[in-house]
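Student: My numbering runs 37 ahead of the 1-based position in the sequence shown. Ideal Cβ positions, reconstructed from N, Cα and C, are used throughout, including at glycine. Below you'll find the structure I mean.
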Amino acid sequence: MVITKPLSRYEYVFGKFIAFSIIAIVITVIFFSGALALGVGTAKSLAVHYILFGLEQLIMIMAALTITLGLRSLPSSILGVAGFYIIGHSTKKLVDIGVQMAPEWVPLLKIFYYLFPSLSFFNAQAGVLEKGPVFWADILFPSVYACAYLVILFLILVIDIRKRDF
38 MVITKPLSRY
48 EYVFGKFIAF
58 SIIAIVITVI
68 FFSGALALGV
78 GTAKSLAVHY
88 ILFGLEQLIM
98 IMAALTITLG
108 LRSLPSSILG
118 VAGFYIIGHS
128 TKKLVDIGVQ
138 MAPEWVPLLK
148 IFYYLFPSLS
158 FFNAQAGVLE
168 KGPVFWADIL
178 FPSVYACAYL
188 VILFLILVID
198 IRKRDF
């Protein structure tokens, strides 16, 4: 016999986040070990790359939870998460293109830049593939940035689900 106690909404969401995060971290460690064994790059550059990759995964997990628990239908949830990912990787490029081509669109593009996370902060592939210099300090700003977005997304999620039953 299993005796369960009721979970609060916050415990439910935080438990989902922790479970998905553990899975993502295990996968990242496996990829890191494989890349290290294959000699793809130096240990330091690979470590920086996979730490940043893990931070990006944590943001995407929290964004997916926020979007899927906020939207009711599966197609809109899938499109929402895919859109978040695409826009997150495109915001810096959109602003750069807007500055060169249409300066009047820059204020609108900057709204997207600040509204969606710039996932390009978590890209260290160039340093790994080109064997360029990679520093441990490269992790500091993206880590703070990721923590801030995780807190913001969690607060949005908590506000959204506070009156909903699961």
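In whole angstroms, give me the CA-to-CA distance for D80 and L89.
Tutor: This sequence places Ala at residue 80; Asp is not what is there. Computed Cα separation, rounded: 14 Å.
Student: On a Cα-Cα basis, can you pick out the residue from L44, F178, A161 that is closest to V85?
Tutor: Among L44, F178, A161, the Cα nearest to that of V85 belongs to A161.
Student: Among R46, I176, L187, P144, which one has its Cα closest to the Cα of P154?
Tutor: Looking at R46, I176, L187, P144, the one whose alpha-carbon comes closest to that of P154 is L187.
Student: Kindly list the residues whose CB is nearer than 7 Å to the CB of L146, restricted to its own chain and excluding five residues on each side of it in sequence; keep chain order.
Tutor: L131, V132, G135
Student: In whole angstroms, what separates the C-alpha of L95 from that of F57?
Tutor: 9 Å
Student: Is the beta carbon of A183 closer than 9 Å to that of E93?
Tutor: yes
Student: What is the rounded straight-line gap between the Cα of G48 and the Cα of P140?
Tutor: First, the amino acid is wrong: residue 48 is Glu here, not Gly. Roughly 46 Å separates the two Cα atoms.
Student: Where does F178 land, buried or exposed, given buried means 16+ other C-beta within 10 angstroms?
Tutor: Label assigned to F178: exposed.
Student: Among G117, P144, R109, whose alpha-carbon lies nearest the alpha-carbon of A101?
Tutor: G117
Student: Can you grab the Cα-Cα spacing for the pair A72 / P170, in whole Å?
Tutor: Distance between the alpha carbons of A72 and P170 is about 18 Å.
Student: Between V195, L83, I104, which lies nearest to F68 when the distance is taken from Cα to Cα?
Tutor: L83
Student: For K129, name the three-state secondary structure that DSSP assigns.
Tutor: helix
Student: Exposed or buried, what is M97 when buried is set at 16 or more other beta-carbons lying within 10 Å of its beta-carbon?
Tutor: buried
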